[in-house]
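Reading through the structure tokens given below for one structure.
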Amino acid sequence: MKLNQFSYHLPQELIAQFPLENRGTAKLLVLNRKKGTITHHIFYKISDFFKKGDVLVLNNTKVFKARLKAKKETSGSVEILLIKKIEDRVWEAMISHAKRIKKDTKVFINKDIYAIVKEKLGSRCQLEFNSPVELVIKEHGEVPLPHYIKRETVSHDERYYQTIYAKAIGSIAAPTAGLHFTKEILKEISRIGVTIAEITLHIGPGTFRPVRKENIEEHTMETEYFEISTDTTKTIRTAQRVIGVGTSVCRALEAYANSGMHSGSVDLYICPGHTFKVIDCLITNFHLPRSTPLLLVCAFASRKLIFKAYQEAIKKQYRFLSYGDAMLIL
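Just so you know, we're using my numbering here: the sequence shown kicks off at 1 and counts up by one.
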């Protein structure tokens, strides 16, 4: 299939810039694949669509404060996005204006804390810090909001750009379908006999990398770390339906089904033509045109139905992207 088949016009005013104060009050579009129907609800009523014997799978990854503001020795400002730890005090990172920054350049977080560019790896680099990076993150890090949120980070982003069940530190982006859940919603889901299971997939910068290949099948994904316990896989095998919360859960479970691996690196790219082996229903947000999450939901529900749902969501002024509203695909 061609990339231009996955373009659509997203009005800028529908890109949510702030979270809702009450997570559970987001709109919920329910798309029934079998019937081809679209209905509109509020997220806190999502348990109405679950039944005893279902398994709801959450991604328990936790976003860390991966963004650092820094200055070069020439006083020019740069922004660092930490990606993953390589060894003590050495991290893989992305840095703004990377083409202008040479190997062995120092970038200063403040007058006492700096990092040296040890290696350049295309748009990325290896940074060696003169202080423990965990302390640098704690004292100077900011929540790495996506590029389409056109504002400065504020204090409440630390709470709202994080699921309430986050525990395994390692992501630079939130698994945003999970942002809508509250303790009360999860309690109600459990009450009706739904089992709640967890996996871990640490979301990296590849989640924002646009598809550029005209033939979508030629795109490749960056690797991300995942972990699925044997308890979770046993629970899934006995499920009436497996309901994945977000595209990261979907990729982790489908990768496990393909490889049998319980942990390691995953680079599974799901686009139309993929045969789903685990996921029966999917909770997701509304995604950017030409993005890998959009291709995944089109693979799950068909391009025709997804674009029909998106057109209706735009018409009804749904909020899009990370801080936006939700969709349940049955």
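Where a beta carbon is used, it is the ideal one built from N, C-alpha and C, also for glycine.
All of these numbers come straight from a predicted model, not from anything done at the bench.
Exercise. Between the segment 163-177 and the segment 28-37, do three or more beta carbon pairs fall short of 8 angstroms?
Worked result: no
Problem set entry | Cβ contact check for the segment 216-230 and the segment 240-247: 3 or more pairs under 8 angstroms | no
For this session: Taking 8 angstroms as the threshold, find out whether the segment 209-219 comes into contact with the segment 58-76 through three or more Cβ pairs.
Result: no
Problem set entry | Straight-line gap, Ala313 to Leu29 (C-alpha atoms, nearest Å) | 8 angstroms
For this session: Indicate whether the contact test is met: 3 or more Cβ pairs, each with one atom in the segment 6-17 and one in the segment 283-292, closer than 8 angstroms.
Result: yes
Problem set entry | Residue span of the beta strand (DSSP E) that contains Arg124, given as start and end | 124-129
Exercise. Considering only residues of the same chain and omitting the five flanking positions on each side of Phe43, which have a CB-CB separation below 6 angstroms?
Worked result: Gly24, Ala26, Leu28, His180, Ala326
Exercise. Can you tell me whether Ser322 is buried or exposed, with buried defined as 16 or more other CB within 10 angstroms of its CB?
Worked result: buried
Problem set entry | Three-state class that DSSP yields for Tyr331 in the structure shown | This structure cannot settle anything about residue 331, because the visible part of the chain is limited to 1 through 330.
For this session: Could you work out which residue in Gly122, Arg159, Gly324 is closest to Arg100 when comparing CA atoms only?
Result: Gly122
For this session: Go ahead and pull the three-state DSSP assignment for Thr37.
Result: strand
Exercise. Mind checking Met261: buried by the 16 CB within 10 Å criterion, or exposed?
Worked result: exposed
For this session: Report all residues from its chain with a CB closer than 6 angstroms to the CB of Asp280; omit the five preceding and five following residues, and keep chain order.
Result: Arg241, Val242
Exercise. Residues in its own chain within less than 6 angstroms of Ser131 by CB, not counting five upstream and five downstream?
Worked result: Ile113
For this session: Using beta-carbon positions only, say whether Ala197 and Thr232 come within less than 8 angstroms of one another.
Result: yes
Exercise. Given Pro210, which residues of its chain have a CB within under 6 angstroms of its CB, disregarding the five upstream and five downstream residues?
Worked result: Arg290
For this session: Could you tell me which residues DSSP puts in a beta bridge with Phe226?
Result: Leu201, Gly264
For this session: Would you tell me roughly how many angstroms separate the C-alpha atoms of Arg237 and Glu184, rounded to the nearest one?
Result: 27 angstroms
For this session: Tell me where the alpha helix (DSSP H) around Arg319 begins and ends.
Result: Where Arg319 is concerned, there is no enclosing alpha helix (DSSP H), given that its DSSP letter is neither H nor E.
Exercise. Roughly how many angstroms separate the alpha carbons of Glu142 and Lys316, rounded to a whole number?
Worked result: 33 angstroms
Exercise. Hey, quick one: how far does the alpha helix (DSSP H) through Ala257 stretch, first residue to last?
Worked result: 247-259
For this session: Give me whichever residues DSSP pairs with Cys298 in a beta bridge.
Result: In DSSP, Cys298 forms no bridge with anything.
Exercise. Relative to the C-alpha of Glu334, which residue among Leu330, Arg33, Lys51 is closest?
Worked result: The question about residue 334 has no answer, for the chain in this structure spans 1 to 330.
Problem set entry | Cut-off 7 angstroms between Cβ atoms - residues of its own chain near Tyr161, not counting five sequence neighbours on either side | Val63, Val143, Leu145, Ala174
Exercise. Cα separation between Thr223 and Asn32?
Worked result: 32 angstroms
Problem set entry | CB contact flag (Ile83, Gly204, <8 angstroms) | yes
For this session: Just mark Val154 as buried or exposed, buried being the case when its beta carbon has 16 or more other beta carbons within 10 Å.
Result: exposed
Exercise. Using the C-alpha atoms, what's the distance from Arg319 back to Lys239?
Worked result: One point to set straight first is that residue 239 is Ala, not Lys, in the sequence displayed. Each residue's Cα considered, the two are about 32 angstroms apart.
For this session: Assign Ala174 to one of three DSSP states: helix, strand, or coil.
Result: coil
For this session: Compute the beta-carbon to beta-carbon distance between Leu253 and Val278, rounded to the nearest angstrom, for a pair I have assumed lies under 8 angstroms.
Result: 4 angstroms
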